[in-house]
Amino acid sequence: MLIRRIKPIETLPIRHEILRPNSDISDCIYPGDDDQTTAHFAAIENDVLLAILSIYRRSHLNIKNDGGYQLRAMATMPSIRGQGIGFKLLAAAERYARQNNSAYLWANARAVALGFYSKAGYTVDSEVFEIKNVGPHFLVSKTLGKHEDRI
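See below:
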């Protein structure tokens, strides 16, 4: 399994199938997808994308440190869940954020994924909140050390 950067447009099929199946595929194009500071990662095997993750240079108002990155649109095909691929994608995103002098990462994590983020060292920073047409979420974050790769 190879983890590498991909183009924003390459994320759309998995975003649509896993994250927004009842929406138009155009709803899977997010603000900032094409920004120079944004990166998109994929787990690829035999030239097939099996999991994706995007990371955007965006601080969160409720987190004191400036210079954060937001994790967004993380999705893994059901057939490979539970094999550690998500942790490898997170590790790639964390390396990218550190290389770009970020102090922390944050995400609006789906409630069903809260255990995954906790296992990866993220803290829960909010009560549950609802994202319309998506479901219950929590704000999670992780402070980054300069040379820390815990995943």
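Quick note on numbering: this note's numbering labels position 136 of the sequence shown as 382, and the sequence is numbered without any gaps. All C-beta atoms, glycine included, are put in the ideal place defined by N, C-alpha and C.
From the listed residues Asp-280, Ile-301, Ile-252, Ile-290, the smallest Cα separation to Ser-348 is found for Ile-301.
A Cβ-Cβ distance of about 7 Å is found for the pair Leu-351 and Leu-390, placing them in contact under the 8 Å criterion. Under the three-state reduction of DSSP, Glu-373 is assigned to coil, being neither helix nor strand. Sequence-distant partners of Arg-266 (beyond 5 residues in either direction) whose C-beta falls short of 7 Å from its own C-beta, in its chain, are Asp-273, Cys-274. His-383 sits away from Ala-339, with the two beta carbons spaced by 8 Å or more. DSSP places Ala-321 outside any alpha helix (DSSP H); the residue lies instead in the beta strand (DSSP E), whose first and last residues are 315 to 322. Considering only Val-294, Arg-304, Glu-263, the residue with the shortest C-alpha distance to Ile-252 is Val-294. Asp-371 and Lys-365 have their C-alpha atoms roughly 15 Å apart.
In the structure shown, Pro-382 adopts extended strand secondary structure according to DSSP, grouped into three states. Rounded to whole angstroms, the Cβ separation of Leu-258 and Ile-249 is 19 Å, and the two are not in contact under 8 Å.
Take Ile-264, set aside five residues on each side of it, and the residues of its chain with a beta-carbon closer than 6 Å to its own are Ala-321, in chain order. Judged by DSSP in its simplified three-state form, Ile-309 adopts coil rather than helix or strand. In the three-state reduction of the DSSP assignment, Tyr-363 falls in the helix class, which pools H, G and I. Taking a C-beta distance under 8 Å as the contact criterion, Ala-359 and Leu-317 do not qualify as a contact pair.
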